[in-house]
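Everything below concerns the one structure shown next.
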Amino acid sequence: MAVFFEAKAEEWHSQLKNDVCFINCEVLKDTSSMEYYSFKHQKAIKFEEFLNESNVSYINTCVGRSLILSLLDYGEGADYTWEGPHGFKSKSAAVKFEKVQLNDDGIYTVNVVKGGEVVQGRIKLIVKPMPEAKINNGVFNENEAIQLQAEDNLLDAKYEWRNVDKKVISKSKDLWISPKKEGKYTYRLTVNKDGCEVSKDVEISVGIGPYKRSYNSVVDVLRLPNK
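For the sequence shown, the numbering used here gives the first residue as 9, with consecutive numbering after it.
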């Protein structure tokens, strides 16, 4: 008997480690007659139609993140076979990606065989590139207005600037600051594209007299996309 299911993806954010995504697989319908329950159509459809469905369960993630694809525990004696893009194959119960890359993007299928019963399912992994926070910042004179700018050509990206008190002071690519007294000042730029986010702390120096432009970016902080 063959039982087909749609994999349901769950994501959460870890405070200390890289985020981990699990697939909790739920058997939805006995399809010994080769039918499959479609969430899109809210009814049973022929398995051939299921294969052509574009509304496949999916997980969004970003380049460089850790990821685990895992099924329900079928216990001892269960044989697992995973297949994916570029000839990917695995016989383990769970598939772990130490650092997700763009070429990991694609549809993964899994077969579980135990005691003559076969369970099959699939999940689509969508991998997004991590944006860069390139900043035109540096050393300025005491009497000049300061312009910091995120230098990129991203479409539909979101920007956020914060001061040292973590207060949001701009939500555009540019940050204009009134002339400052001599000293060093730190600002944080966050760039979010397709749910992939990077932040940079940027230190600028203000002095007396003309100075050559330069920059000093300090910290990168990466996050997984929100659901």
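We put the beta carbon where it would ideally sit given N, CA and C, even for glycine.
Straight-line gap, residue i to residue j (C-alpha atoms, nearest Å)
i	j	result
Gln157	Leu183	6 Å
Ala101	Ser65	19 Å
Gly203	Leu133	14 Å
Asp228	Glu84	In this prediction, Asp228 has a pLDDT of 44, which is less than 50 and means its spatial position is unreliable; nothing more can be read from the coordinates.
Asp173	Tyr195	9 Å
Lys189	Gly95	60 Å
Val135	Val103	16 Å
Ala213	Asn149	The identity of residue 213 in the sequence shown is Ser, whereas the question assumes Ala. The straight-line gap from Cα to Cα measures roughly 8 Å.
Ser98	Leu77	11 Å
Ala86	Glu205	39 Å
Ser178	Gln155	12 Å
Asp113	Met138	14 Å
Ile131	Gly123	24 Å
Leu79	Gly146	50 Å
Reduced DSSP category for residue i - H, G, I as helix; E, B as strand; rest coil
i	result
Asn149	strand
Asn171	coil
Gly6	Not covered by the structure: residue 6. The range shown for the chain is 9 to 235.
Inter-residue CB distance, residue i and residue j (contact presumed, cutoff 8 Å)
i	j	result
Glu2	Thr198	Only positions 9 to 235 of the chain appear in this structure, which leaves residue 2 out of reach.
Leu162	Lys201	5 Å
The segment 77–92 in contact with the segment 113–121 per 3-pair CB rule at 8 Å
The segment 77–92 is in contact with the segment 113–121.
Could you say if the segment 70–78 and the segment 102–111 meet the contact criterion of at least three C-beta pairs nearer than 8 Å?
Verdict: yes, contact present.
Ignoring anything shorter than 3 residues or poking outside the segment 171–214, list the beta strand (DSSP E) runs there in chain order.
Within the segment 171–214, the complete beta strand (DSSP E) runs of at least 3 residues fall at 176–178, 182–185, 191–201.
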